[in-house]
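J.:
Numbering (full-length UniProt numbering), first residue to last: 1 to 156.
1. Using 8 Å for Cβ pairs, my map puts residue 136 next to residue 66. What's the rounded Cβ distance?
2. With distance defined between alpha-carbon atoms, name the residue in 151, 155, 70 and 140 nearest to residue 130.
3. Which of the three DSSP states is assigned to residue 81 in this structure?
4. Three-state secondary structure (DSSP) at residue 87?
5. Say whether chain C places a C-beta atom closer than 8 Å to the C-beta of residue 38.
6. Looking only at its own chain, which residues have a Cβ that is under 7 Å from the Cβ of residue 27, when we skip the five neighbours before and after it?
7. Would you call the CB atoms of residue 77 and residue 140 closer than 8 Å?
8. For residue 39, collect the residues of the same chain with a Cβ closer than 8 Å to its Cβ; drop the 5 residues on either side in sequence, then sort them by chain order.
9. Distance check for residue 24 and residue 3, CA to CA, integer angstroms please.
10. Return the Cβ separation of residue 50 and residue 71 in integer angstroms, given the expectation that the two are a contact with Cβ distance under 8 Å.
11. Would you decide whether residue 126 is buried or exposed? Buried here means 16 or more other CB atoms lie within 10 Å of its CB.
12. Give a yes or no on whether the C-beta atoms belonging to residue 88 and residue 132 are separated by under 8 Å.
13. For the putative contact between residue 90 and residue 48, defined by C-beta atoms under 8 Å, what is the C-beta separation to the nearest angstrom?
14. DSSP three-state label for residue 69, please.
15. Would you report the Cα separation of residue 146 and residue 124, rounded to the nearest angstrom?
16. Could you tell me the alpha carbon to alpha carbon distance between residue 122 and residue 16, rounded to whole angstroms?
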């Protein structure tokens, strides 16, 4: 509990976790298994995977959080938000192309970049655990060879 509070303070001193956020993070920190979080819009589900790599940090060599989200705009917005908090992240698009989000950092205008997906990262960076958070489409994981390779890798 103290470690979680320290991680929260480091992320944002004014942040107060809601009960279900704290419950999810504590469950995952206990290493009991994976979790599916189904909460209402606006509850703050993203805070869970923003904080999780740091919560797991001491117990896992390179903690990687895999977030399955079918909407590009949410994925891209979250990559920008994660980067603002110095959390390494990338997107795995529907065709299993890695997008490390750097193109959005140039001017901060996410809307201008919604139709483009360029990167110099590759699938090996994901498998090595170079990103703390990977946002992806379900189709990218299940319908592509690269996606299945990621699911089989030891980094998850």
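The beta-carbon is built from N, C-alpha and C at its ideal position, and this holds for glycine as well. Keep in mind the model is a prediction, meaning the values are calculated, not measured.
T.: Reading from the atomic positions:
1. Here residue 136 is taken as the residue at index 136 of the chain shown, counted from 1. Here residue 66 is taken as the residue at index 66 of the chain shown, counted from 1. Right, the Cβ-Cβ distance comes to about 7 Å (below 8 Å), so this counts as a contact.
2. By 1-based counting over the chain shown, the position of residue 130 is 130. When each option's Cα is compared against that of residue 130, the closest is 155.
3. Looking up residue 81 in the chain shown gives position 81. Looking at residue 81 - three-state DSSP - the assignment turns out to be helix.
4. Looking up residue 87 in the chain shown gives position 87. Looking at residue 87 - three-state DSSP - the assignment turns out to be coil, as it is neither helix nor strand.
5. Included in the structure is just one protein chain, with no chain C present.
6. Within the chain shown, residue 27 is the residue found at index 27, counting from 1. Correct list, in chain order: 35.
7. By one-based count along the chain shown, residue 77 stands at place 77. By one-based count along the chain shown, residue 140 stands at place 140. Cβ distance not < 8 Å, so residue 77 and residue 140 don't count as in contact.
8. Position 39 of the chain shown, counted from the start, is the residue given in the question as residue 39. Cβ neighbours of residue 39 beyond the five flanking positions: 20 and 45.
9. Walking along the chain shown from the start, residue 3 turns up at place 3. Walking along the chain shown from the start, residue 24 turns up at place 24. So the alpha carbons of these two residues sit roughly 15 Å apart.
10. As a working note, residue 50 is residue 50 in the chain shown. As a working note, residue 71 is residue 71 in the chain shown. About 17 Å; that fails the 8 Å criterion.
11. Against the chain shown, residue 126 aligns to sequence position 126. Residue 126 is buried by the Cβ-count criterion.
12. Here residue 88 refers to the residue found at position 88 of the chain shown. Here residue 132 refers to the residue found at position 132 of the chain shown. Taking 8 Å as the Cβ cut-off, residue 88 and residue 132 qualify as a contacting pair.
13. Indexing the chain shown from 1 puts residue 90 at position 90. Indexing the chain shown from 1 puts residue 48 at position 48. Their Cβ separation, rounded to whole angstroms, is 18 Å, which puts residue 90 and residue 48 out of contact at 8 Å.
14. Along the chain shown, read from residue 1 onward, the residue named residue 69 stands at position 69. Reduced to three states, the DSSP call for residue 69 is coil.
15. The count along the chain shown starts at 1 and reaches residue 146 at position 146. The count along the chain shown starts at 1 and reaches residue 124 at position 124. Distance between the alpha carbons of residue 146 and residue 124: 10 Å.
16. Taking the first residue of the chain shown as position 1, residue 122 is located at position 122. Taking the first residue of the chain shown as position 1, residue 16 is located at position 16. So the two alpha carbons sit approximately 36 Å from each other.
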